[in-house]
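Comments concern the structure below.
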DNA sequence: ATATTTGTAAACTATATATTGTACAATGTT
DNA sequence: AACATTGTACAATATATAGTTTACAAATAT
């Protein structure tokens with residue numbers, strides 16, 4: 345177990361994990377979260393907070409936080425295994441799916457927030473408009489703003505449809521997954 | 345100029361700018377950068393560092409940094425106007441294009457980084473493998489790692505094609521822009 | 001019932017990121 | 001040539017984010 349090549353393999357594995365973490369960074373995911381995802385991914389089996397703590401060298405509390413965040417992002421799940429008292433966590437094993445989950449979480453959130461704001465905001469402009477007695481300048485600016493709103497709404501509608509495009513898997517019809525060459529020696 | 349409705353319009357405009365900044369946040373863009381983009385966008389005309397500084401209430405140094413970052417991200421440009429000594433900056437006026445630019449910058453960077461790492465890493469595994477005299481366990485793990493690499497490469501190839509899919513505008517064939525209803529009163 | 005183990009809240013500390021002020025080189029003005 | 005203006009490098013400060021420690025409630029074991 346402690347031989348040279350085995351250590352090298354271990355080290356190489358860790359590099360791979362770092363690469364996964366790095367990839368996550370492009371989603372604005374913190375290095376630690378990415379690393380934990382990588383660790384569980386490479387482990388192939390669900391892991392406990394203690395194991396993760398051991399593997400990262402970080403506190404169990406932090407692992408708890410990170411795991412919860414991953415669950416919120418839909419890239420990890422708590423699994424039950426009878427006889428095991430500790431909570432076990434798995435991660436999505438499919439990179440594409442992880443990509444999509446993150447993309448979706450990210451944008452759905454933005455969409456909701458935007459929608460929420462939208463109504464109040466539009467109403468407000470209309471209120472000003474109906475105030476009566478507006479200088480032509482102001483009147484003009486208000487119309488510009490209303491136009492802007494339309495453009496903005498159209499844009500968000502697009503994002504919304506884009507999210508669906510990913511979620512439904514339709515994206516793969518036009519940007520197909522690449523087949524991985526089998527290799528058995 | 346100082347009348348009530350004009351102030352309300354001004355305020356509403358600022359809300360819109362905040363919304364734009366908020367949207368940017370989904371790309372991991374800092375609030376300040378988003379706000380500056382929003383400010384220039386709403387201004388419709390190129391702006392100078394001093395104007396931005398005035399508009400944000402932040403230092404000119406910061407504006408300089410932010411503007412440069414935006415240029416790196418391909419969502420802003422320096423424009424020249426004869427007779428004007430100060431540098432002027434515009435931003436992309438098309439939301440879709442901004443979305444795409446950010447998406448591209450983000451992932452191209454990740455792709456490059458990954459590619460760079462890839463060769464070294466794969467070579468390393470092969471080196472271990474050719475070392476000879478490996479325990480069956482280690483041998484097995486190495487094969488697993490090589491397989492993992494294949495999967496990873498396929499995934500990155502997909503991302504790469506996905507980026508092209510956006511960059512080329514093909515995405516709009518399948519997730520079309522929504523037409524904004526004209527409105528003239 | 002009592003004692004252990006587990007996960008997480010809450011308050012704290014450390015580290016990273018955002019922002020500013022000063023200084024200066026480059027360019028334009030008189 | 002002397003002077004003013006502009007943009008940014010660099011060091012210093014402030015703020016936000018990541019991580020730890022302690023404490024405790026809920027669940028399990030003895």
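Chains as they are written, first to last, in my numbering: chain A, 345 to 529; chain B, 345 to 529.
Ideal Cβ placement from N, Cα and C applies to all residues, glycine included.
Tell me, which residues are paired with residue i by DSSP?
i	result
residue 391 of chain B	B:433
residue 357 of chain B	DSSP lists no partner for residue 357 of chain B.
residue 421 of chain B	B:434
Would you say residue i lies against chain A (beta-carbon separation less than 7 angstroms)?
i	result
residue 475 of chain B	yes
residue 470 of chain B	no
residue 391 of chain B	no
residue 399 of chain B	no
residue 349 of chain B	yes
residue 402 of chain B	no
Consider the Cβ of residue i: report whether some Cβ of chain B lies at a distance smaller than 7 angstroms.
i	result
residue 507 of chain A	no
residue 365 of chain A	no
residue 438 of chain A	no
residue 396 of chain A	no
residue 485 of chain A	yes
residue 463 of chain A	no
residue 356 of chain A	yes
residue 467 of chain A	no
residue 504 of chain A	no
residue 495 of chain A	yes
inquiry  = Please give the ranges of any beta strand (DSSP E) in the stretch 424-491 of chain B, keeping only runs that are unbroken, at least 3 residues long and fully inside the region.
reply    = When DSSP assignments are scanned along the stretch 424-491 of chain B, the uninterrupted stretches of beta strand (DSSP E) that are 3 or more residues long and fall wholly within it turn out to be 432-435.
request  = Determine which residues of the stretch 405-425 of chain A have a Cβ less than 7 angstroms from any Cβ of chain B, and write them out in chain order.
outcome  = Flagged: no residues at all.
query = How do the stretch 428-444 of chain B and the stretch 381-397 of chain B stand: do at least 3 beta-carbon pairs fall below 8 angstroms, yes or no?
reply = The stretch 428-444 of chain B vs the stretch 381-397 of chain B: in contact.
key: Members of the stretch 367-388 of chain B near chain A, C-beta cut-off 7 angstroms   = Hits within the stretch, in order: 367, 370 and 372.
inquiry  = Against chain B, which members of the stretch 429-461 of chain A pass a CB distance test of less than 8 angstroms?
reply    = Among the residues of the stretch 429-461 of chain A, those with a Cβ less than 8 angstroms away from any Cβ of chain B are 439, 440, 443, 450, 451, 453, 454, 457, 458 and 461, in the order of the chain.
inquiry  = Does the structure place the stretch 354-363 of chain A close enough to the stretch 459-466 of chain B that three or more beta carbon pairs sit under 8 angstroms?
reply    = With the cut-off at 8 angstroms, the stretch 459-466 of chain B and the stretch 354-363 of chain A touch.
request  = May I ask you to verify whether the stretch 464-482 of chain B touches the stretch 345-355 of chain A, counting CB pairs closer than 8 angstroms and requiring at least 3?
outcome  = Touching, yes.
Chain B contacts from the stretch 506-526 of chain A (Cβ-Cβ distance under 7 angstroms) = Within the stretch 506-526 of chain A, the residues whose Cβ lies closer than 7 angstroms to some Cβ of chain B are 506, 509, 518, 519, 521, 522, 524 and 525, listed in chain order.
request  = Could you tell me whether the stretch 436-448 of chain A touches the stretch 391-407 of chain A, where touching means 3 or more Cβ pairs closer than 8 angstroms?
outcome  = They do not touch, by the three-pair rule.
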